[in-house]
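K.L.:
2 protein chains.
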Amino acid sequence: MDPGGNIMVSSKTIGRLSQYRRLLQNLLGDGREFVFSHELATMAGGTAAQVRRDVMAVGHLGSPSKGYGVSALLGSIADYLDGADILGVALVGVGNLGRALLAYFVGRHPTLELKAAFDCDPAKIGRVIHGCRCLPMEEMARVVEEERIKVGVITVPAEDAQRVATVLWQAGVLGIVNFAPVRLWTPASVHVEQIDLTTVLEQAAFFARRQDKDAGKEVGR
Amino acid sequence: MDPGGNIMVSSKTIGRLSQYRRLLQNLLGDGREFVFSHELATMAGGTAAQVRRDVMAVGHLGSPSKGYGVSALLGSIADYLDGADILGVALVGVGNLGRALLAYFVGRHPTLELKAAFDCDPAKIGRVIHGCRCLPMEEMARVVEEERIKVGVITVPAEDAQRVATVLWQAGVLGIVNFAPVRLWTPASVHVEQIDLTTVLEQAAFFARRQDKDAGKEVGR
DNA sequence: TAGATTGTTAATCGATTAACAATC
DNA sequence: TAGATTGTTAATCGATTAACAATC
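Chains as they are written, first to last, in our numbering: chain A, 1192 to 1412; chain B, 1192 to 1412.
If you want it as structure tokens, here you go:
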């Protein structure tokens, strides 16, 4: 069981650590030297115990009555999340969402480098969008292999997503963020993070509707 | 405790039901009459037991050896997720991501209606983007109240998100989808769905990096 | 010291998984 | 009937929460 020694840390934990990092960067900018677990908890929207557990997971120790050293904890989290090397990222599908993600991406991740974007629309190919060159779909496999790209972001229509994913992992990609509303099949060694924007809206709508109904009842409408 | 009788169903369950609905619509289009739990499970990326549990939650009964009637189950899920009335939605922040979401939204949700989009950029105000009129930020409270909008989507920069959220819930919004990387404070009666695009990318990168390292070890590099 | 927070351990909670009789 | 799936119940697993001694 678990031959590679993997999957000991949940995706949720990584997400929270990534949040803490951003919060700590802000605190560092404000000149804060120490921070308590409950402060981070309220900022990140969790509990103090959860923050302590996460911090312990990265092997950092805090000090009673002072809390956690901001810059030291930031370093510990960075060591944990990032590697020594820069990881290449490719974006596939330069539509509305793809362009939005390119804009989001620009200059935010010191340890991630967007190496290429791919699209099948001839009008987009060759153009530089948000500082990233748009290449034709046919070159995807070659470029991903040559540039040793390990992370792929899929923002193509649902019907093309699986085909793109297959090309990506066959070319060596190990982590995929998929915005297409389709379940992707990949080998177990390839991590897929599924983001379903349509579903998210329906979730919010469901709870809004129920709350609205309940409120109506209370008033006795 | 729990005076309104709420929060008996998790956000996860709603997300899965929303997925099933989409899958069932496809099956219906293909002319399929019945579907088994394990078929839905493989399509949605879960287990058969999970599908059965979710289906039971909406009060639908299947038949052994035939499975679930596609159109009947679709109806049950729609009854559960949707109400009789159409719910109004507002989008705040017509940047790259906002425009992408507007495009996503167009003509997909029969029970949700995008009533307005808001932005503070004078160049955008008055323009119609993907069939939705862009209004100035100052009119947000008034329009949301008048149109009885209950769902808000926030795609403004992090520093403006809390201010926008406060205006929204004070004007009667009960469900919020927040794409800004900030934790929002709202009353407990207002549901917030947090989507952190930056964090998602870091999650995928983390697992890709670890897998890459492990693969390197195996080869004995 | 008193007070608050830390890391650690035990208890609780929820969700997932497995087991099984009932049904077509 | 035999076979497969259903709804239902019990067992397991994991994560969260509570409790507590140690520390500054």
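No residue lacks a Cβ here, since even glycine has one placed at the ideal position from N, Cα and C.
These numbers come from a predicted model, not from an experiment.
Does the beta carbon of His1176 (chain A) sit closer than 8 Å to a beta carbon anywhere in chain B?
P.N.:
The question about residue 1176 (chain A) has no answer here: the residues shown for chain A are numbered 1192 through 1412.
K.L.:
Where in the stretch 1342–1398 of chain A do unbroken runs of the beta strand (DSSP E), each at least 3 residues long, occur, reported from the N-terminal end onward?
P.N.:
As far as the stretch 1342–1398 of chain A is concerned, its whole beta strand (DSSP E) runs of at least 3 residues are 1342–1345, 1366–1369 and 1382–1385.
K.L.:
Thinking just about the alpha-carbon of each residue, which of A:Arg1213, A:Ser1228, A:Phe1370 and A:Thr1377 is nearest to the one in Ala1362 (chain A)?
P.N.:
Considering only alpha carbons, the answer is A:Thr1377.
K.L.:
Going along the stretch 1351–1383 of chain A in order, which residues come within less than 7 Å of chain B, judged by CB to CB distance?
P.N.:
Within the stretch 1351–1383 of chain A, the qualifying residues are Leu1365, Gly1366, Ile1367, Val1368, Pro1372, Arg1374, Ser1380 and His1382.
K.L.:
Which residue from A:Asp1405, A:Gly1407 and A:Leu1392 puts its Cα closest to that of Arg1299 (chain B)?
P.N.:
Nearest option by C-alpha distance: A:Leu1392.
K.L.:
Please list the terminal residues of the continuous beta strand (DSSP E) segment that includes Asp1310 (chain A).
P.N.:
First-last of the beta strand (DSSP E) with Asp1310 (chain A): Leu1303 to Asp1310.
K.L.:
Check each candidate in A:Thr1204, A:Val1355, A:Ala1240 and A:Arg1213 and name the one with the smallest Cα separation from Leu1301 (chain A).
P.N.:
Going by the sequence as given, residue 1301 (chain A) is Pro instead of Leu. Ranking A:Thr1204, A:Val1355, A:Ala1240 and A:Arg1213 by Cα distance to Pro1301 (chain A) puts A:Arg1213 first.
K.L.:
Compare the C-beta of Gly1250 (chain B) against all C-beta atoms of chain A and say whether one is closer than 8 Å.
P.N.:
Answer no: the Cβ-Cβ gap between Gly1250 (chain B) and chain A never drops below 8 Å.
K.L.:
What three-state label does DSSP hand Ile1277 (chain B) in the structure shown?
P.N.:
Coil, per DSSP.
K.L.:
Please classify Ser1209 (chain B): is it buried, with 16 or more other beta-carbons within 10 angstroms of its beta-carbon, or exposed?
P.N.:
That one is buried.
K.L.:
Does the beta carbon of Ala1396 (chain A) come closer than 8 Å to any beta carbon on chain B?
P.N.:
Ala1396 (chain A) counts as touching chain B.
K.L.:
Any residues in the stretch 1198–1228 of chain A with a beta carbon nearer than 8 Å to a beta carbon of chain B? Which ones, in chain order?
P.N.:
Here the close residues are Ser1202, Ile1205, Gly1206, Ser1209, Gln1210 and Arg1213.
K.L.:
Report yes if the CB atom of Leu1326 (chain B) is closer than 8 Å to the CB atom of Ala1356 (chain B), and no otherwise.
P.N.:
Against a cut-off of 8 Å, the Cβ pair of Ala1356 (chain B) and Leu1326 (chain B) comes out as no contact.
K.L.:
When you compare only the Cα positions, how much space is there between Ile1205 (chain B) and Ile1268 (chain B)?
P.N.:
Their Cα atoms are separated by approximately 10 Å.
K.L.:
Using a Cβ cut-off of 8 Å (strictly closer), state whether Glu1230 (chain B) contacts chain A.
P.N.:
Judged by the 8 Å Cβ criterion, Glu1230 (chain B) is not in contact with chain A.
K.L.:
State the Cα-Cα distance for the pair Gln1353 (chain B) and Glu1338 (chain B), rounded to the nearest angstrom.
P.N.:
Distance between the alpha carbons of Gln1353 (chain B) and Glu1338 (chain B) is about 22 Å.
K.L.:
Determine the burial state of Gly1366 (chain A): buried for a count of at least 16 other Cβ atoms within 10 Å of its Cβ, exposed for fewer.
P.N.:
Gly1366 (chain A) should be labelled buried.
K.L.:
Going by C-alpha to C-alpha distance, which of B:Val1342, B:Val1226 and B:Ala1399 sits closest to Lys1257 (chain B)?
P.N.:
Among B:Val1342, B:Val1226 and B:Ala1399, the Cα nearest to that of Lys1257 (chain B) is on B:Val1226.
K.L.:
Among the residues of its own chain, which have a CB less than 7 Å from the CB of Phe1370 (chain B), if the five just before and after it don't count?
P.N.:
Taken in chain order, the residues that qualify are Leu1288, Ile1345, Thr1346, Ile1386 and Leu1388.
K.L.:
Have a look at Ala1314 (chain B) and Arg1324 (chain B) and give me their C-alpha separation to the nearest angstrom.
P.N.:
Cα to Cα, Ala1314 (chain B) sits roughly 13 Å from Arg1324 (chain B).
K.L.:
To the nearest angstrom, how far is it from the Cα of Ala1294 (chain B) to the Cα of Leu1282 (chain B)?
P.N.:
Looking at the two C-alpha atoms, the distance is approximately 12 Å.
K.L.:
Applying the criterion that 16 or more other CB atoms from any shown protein chain within 10 Å of the CB defines a buried residue, is Leu1252 (chain B) buried or exposed?
P.N.:
Exposed, because fewer than 16 other Cβ atoms sit within 10 Å of the Cβ of Leu1252 (chain B).
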